[in-house]
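Residue numbers (our numbering): 154 to 656. By construction, the Cβ of each residue, glycine as well, lies at the ideal position given by its N, Cα and C atoms. As the structure is a computational prediction, the values presented were derived from the model and not from experiment.
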Amino acid sequence: MKLIDKINEQLEKNKHISEKTLKNVQFDHKNIVFLDGIQQFPFITDICLQHNQIMDISALSQLQYIKKLNLSFNAISDINPIQNLQFLITLKLQKNKISDIQQLRYLQNLKYLDNCNLQDNTVVNQPGFKEYCLINLYNIGVLNFFSPSDDHLELWQCDTEVCKQKTLQLFQTFYNQQTNTLNISKNAKYCIDFAFFAVFPELRELLVSDVKTFLNIDILLRKPINSLRLIQIKIPLFKYQETFQLVKLQLDSMILVNLTFLMMFPFLEKLIINGCVLDSINGIKFCGQLNYLLLTSNSQLDLTELASCQNLKYLSVNRVKSPNFDFLSALQLEDLSLSDITIKKLPQMNCQSLSCVDFNSCSLKTIKQLQNCTKLSQVFLIDLKISETDELEFLLQNFKLHDLVIRKCFALSNEKLQFVNNFADQIHIDPKIEAQKLLQQNPFVRFPLRKERNGLLQQNRKLQLQFDHVTINNKVKIQIIEQIENLRASQVVGLRLILDFYQ
């Protein structure tokens, strides 16, 4: 049976398809032997001819636009013509008669080839088949060439060092990755041994999602890796007795019981927990050098243990249901962000270093605990329950303020809000000078009162100085009078002695 006959039958039935518009050819189980004549359809992109009796595929060499080719379950032994199919992405040759490993060289230059199934060909049992694939064929779209489950050869199992290096080099090139960064998220399901990546001596950052095992990840962590990101991991997290030099850890969309695994990372400086289900933050105390924490979770959590993180400078808590935030009083933060949480009142805080506050969709009714802040540069107050506009007066003592956003705080005075915004604008344009002029028209109640009080205190100090001056003068006069009186008294005594002598 000739393929061209089947194609002509199809064209007779469908007059809308011509030689130039025919894209797909699919004839399975049709006893097709010869492919001659298919050359007259140069724009075919998808061919499926599995379960036929094809031996010679030389007619395919001129179909340069083919992207998908399925010739499984035929009698093909020579795949030389396939080397001309430069746009080929998927190639299925299962259950043919390919036995010579040199036949695979015709696939070497197919730079778009992403999936190749050679299952049930005797060539897959030839010594060095895996190594040949890795070194000569490997176009890393998917980490596979063959497996019993259709088209997945787990090349992670390759046992020679040169093949591992070649695999990772190609992997790196395909994804345009740098030597120090590796993202295996698209192929994580094929990862069966993390020691595989130890080949990269300069690896510093690793991103992994949805792996089935953490086998030998400790070997990798002993390398100078400083950043690890885990996404949607459904298996239990690894735990080792030793410690590692990891500096940054990010956990996304995972189910965590607690954070006791952090005892492995005592040098951790940055921790991001995003969208994870968490029962407890027990274990955060092991991160004595932690200075950055972003915690986003819909869980009910007791955050008290954060008080032990004395080096924490940046803290962002989002959507966490916590009974209290008293731990904030034990920290010396520079950046504090609270979003979508239930907190009516802040604890007394150390505001000496605070430069950025971001409160969004909280239940805060007051922010007077920030009144001692003088170094704020960024302030975002959105959708809060503050009712006293005068609480914002503390912003007028922050001469580094350049970003100010106040929205959805409907109970606040528009006049005073506008004044605060103008103050921030003036600070941004001309620090202190123009802002100080603006302060002379301050509409806040307490500011004029405080100014009047300071004036009265100044006046009192002047009066006190005058009083002290008069007092001193009086004391001097009294001392002089006393000295004169003493002198006169001594003169009288002398005269009496002289008179007595002459008498």
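When only Cα atoms are considered, Lys423 and Phe414 end up about 15 Å apart. Under DSSP, the beta-bridge partners assigned to Val430 are Ile408. Here the alpha carbon of Asn379 sits roughly 9 Å from the alpha carbon of Phe397.
When secondary structure is reduced to three states using DSSP, Ile520 falls in the coil class, being assigned neither helix nor strand. In this structure Ser225 is buried. Its beta-carbon is surrounded by 16 or more other beta-carbon atoms within 10 angstroms.
DSSP lists Ser492 and Ile535 as the bridge partner or partners of Asn513. If you ignore the 5 residues before and after Asp273, its C-beta comes within less than 6 Å of the C-beta of Gln247 and Lys248, all in its own chain and listed in chain order. Between the alpha carbons of Phe282 and Ile251 lies a gap of roughly 12 Å. Looking only at Leu537, Val532, Ser211 and Gln611, the smallest Cα-Cα distance to Val573 is reached by Val532. Around the C-beta of Glu355, fewer than 16 other C-beta atoms lie within 10 Å, and the residue is accordingly described as exposed. DSSP links Asn268 through a beta bridge to Thr243.
Unbroken beta strand (DSSP E) runs of no fewer than 3 residues, entirely contained in the segment 437–482, are found at 445–449 and 467–471, following chain order. Straight-line spacing of the CA atoms in Gln279 and Ile254 works out to 7 Å. For Gln179, the three-state secondary structure derived from DSSP is strand.
Under the criterion of beta carbons closer than 8 Å, Phe597 and Asp543 qualify as touching, at roughly 6 Å. Remark: C-beta atoms of Asn427 and Leu447 approach each other more closely than 8 Å. Rounded to the nearest whole angstrom, the CA to CA distance from Ser450 to Ile535 is 20 Å. Per DSSP, reduced to three states, the secondary structure at Leu557 is strand. The Cβ atoms of Val430 and Leu409 sit closer than 8 Å to each other. Around the beta carbon of Val361, 16 or more other beta carbons lie within 10 angstroms, which makes this residue buried.
Collapsing the DSSP output to three states places Lys615 in a helix. Secondary structure of Asn369 (DSSP, three-state): coil. When the beta-carbon positions are compared, Met417 and Tyr393 come within less than 8 Å of each other.
The three-state reading of DSSP puts Asp231 in coil, since its state is none of H, G, I, E or B. CA-to-CA, the gap between Ile160 and Lys173 works out to about 13 Å.
DSSP places Asp199 in the uninterrupted beta strand (DSSP E) bounded by Asp199 to Cys201.
The three-state reading of DSSP puts Ile185 in coil, since its state is none of H, G, I, E or B. A direct Cα-to-Cα measurement between Cys286 and Asp346 gives close to 19 Å.
Taken through DSSP and simplified to helix, strand or coil, Leu484 comes out as coil. Here DSSP, grouped into helix, strand and coil, assigns Leu421 to coil. Setting aside the 5 residues that flank it on each side, Ile520 is surrounded in the same chain by Leu499, Ile539 and Glu544, each with a C-beta closer than 7 Å to its C-beta; the list follows chain order. Secondary-structure assignment with DSSP links Asn278 through no beta bridge to anything. Per DSSP, Lys166 lies in no beta strand (DSSP E); the unbroken alpha helix (DSSP H) holding it starts and ends at Leu156 to Lys166. A distance below 6 Å between beta-carbons, with the five flanking residues on each side excluded, links Met407 to the following residues of its chain, in chain order: Ile386 and Cys429. Per DSSP, the continuous alpha helix (DSSP H) segment holding Leu570 begins and ends at Asn567 to Ile582. Counting the other CB atoms within 10 Å of its CB gives Thr495 a total below 16, which places it among the exposed residues.
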